[in-house]
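**Student:** Let me give you the structure first, and then I'll get to my questions.
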Amino acid sequence: MSFLNIVLLIIAAIAVYVVIIYNTFISLRAGIDASWSDIDVQLKRRFDLIPALVDTVKGYKEYEADTLEKVIQARQQGLNAATVDEKVTAANTLSGALGKLFALAEAYPDLKANTNFLDLQSQLSSLEDAIQNARRYYNAIVRDYNAKLESFPDLFVARKFQFTPRSYFELDEKEASEAKSMPKIHF
Numbered sequence: 014m015s016f017l018n019i020v021l022l023i024i025a026a027i028a029v030y031v032v033i034i035y036n037t038f039i040s041l042r043a044g045i046d047a048s049w050s051d052i053d054v055q056l057k058r059r060f061d062l063i064p065a066l067v068d069t070v071k072g073y074k075e076y077e078a079d080t081l082e083k084v085i086q087a088r089q090q091g092l093n094a095a096t097v098d099e100k101v102t103a104a105n106t107l108s109g110a111l112g113k114l115f116a117l118a119e120a121y122p123d124l125k126a127n128t129n130f131l132d133l134q135s136q137l138s139s140l141e142d143a144i145q146n147a148r149r150y151y152n153a154i155v156r157d158y159n160a161k162l163e164s165f166p167d168l169f170v171a172r173k174f175q176f177t178p179r180s181y182f183e184l185d186e187k188e189a190s191e192a193k194s195m196p197k198i199h200f
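Right, here's the structure in full:
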């Protein structure tokens, strides 16, 4: 085997390796986009359920308008969000507002016993579980993708083809501290 053949073989091996790395980045990025789409669908379902919940609570004379207004504003913020970061912030804000709404319901036994309210709460609980599972999956793919961006020698391919880090879907510090301080509600 001549020196030229060895050099060509090394170049071919490097080219194949670069293609494999590139395709892995493309696959991870597609997984991130698909998993975000799953989250987005669940968030949309949750936003669509909010008006029915608010109407049910409004049917009771003693509701607190401020709490309902925060739920409505958080829903609107979510509907208007365009980027992943804006949607994450809106989802976290809505989660906090809904937690306060359910805590408020604890003070009103008639509301707590209302079948519409219980059904809506059950649907929201189911959606929250789906969102949490989708969030875990999304964050796992983002973690793998971001780690690969920083791994040697993959980082050279990432920089060459301008792959950029993705954000996690997590609670910000304010919502995390509020969620930890929220009372546990059992219906």
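So the sequence shown is residues 14 to 200, counted in the working numbering.
Yeah, the Cβ is synthetic: ideal placement off N, Cα and C, and Gly gets one too.
No experiment lies behind these values; they were computed from the predicted model shown.
Where does Ala47 sit, in a helix, a strand or coil, going by DSSP?
**Tutor:** The residue labelled residue 47 in the question sits at position 34 within the sequence shown. Residue state, collapsed to three classes: helix.
**Student:** Just to confirm the assignment, what range does the alpha helix (DSSP H) spanning Ala130 have?
**Tutor:** Taking the first residue of the sequence shown as position 1, residue 130 is located at position 117. With the sequence shown as reference, residue 130 is identified as Phe, and Ala is not the correct amino acid for it. Residues Thr128 to Glu163.
**Student:** Suppose the cutoff is 6 angstroms on Cβ atoms and the five residues either side in sequence are ignored; what does the same chain contact list for Asp167 look like?
**Tutor:** To locate residue 167, count along the sequence shown from 1; it is residue 154. Closer than 6 angstroms at Cβ, skipping near neighbours: Ile34 and Lys161.
**Student:** So, Lys182 versus Trp49, is the Cβ gap smaller than 9 angstroms?
**Tutor:** Walking along the sequence shown from the start, residue 182 turns up at place 169. Walking along the sequence shown from the start, residue 49 turns up at place 36. The sequence given here places Phe at residue 182; Lys does not occur at that position. Going by C-beta atoms, Phe182 is nearer than 9 angstroms to Trp49.
**Student:** Just mark Gln134 as buried or exposed, buried being the case when its beta carbon has 16 or more other beta carbons within 10 Å.
**Tutor:** Taking the sequence shown and counting its residues from 1, the one referred to as residue 134 is at position 121. Buried: at least 16 other Cβ atoms inside 10 Å.
**Student:** Can you tell me whether Asn93 is buried or exposed? The criterion is at least 16 other CB atoms within 10 Å of its CB, across all chains shown.
**Tutor:** As a working note, residue 93 is residue 80 in the sequence shown. Answer is exposed; the Cβ neighbour count stays below 16.
**Student:** Rounded to whole angstroms, what is the Cα-Cα separation between Leu62 and Ala25?
**Tutor:** Residue mapping note: residue 62 aligns to position 49 of the sequence shown, counting from 1. Residue mapping note: residue 25 aligns to position 12 of the sequence shown, counting from 1. About 56 angstroms.
**Student:** Using DSSP with H/G/I as helix, E/B as strand and the rest coil, what is Pro64?
**Tutor:** As a working note, residue 64 is residue 51 in the sequence shown. Pro64: helix per DSSP, three-state reduction.
**Student:** For Ser194, does the three-state DSSP call read helix, strand or coil?
**Tutor:** Looking up residue 194 in the sequence shown gives position 181. Note on Ser194: pLDDT 47, under 50, position unreliable in the model; no value is reported.
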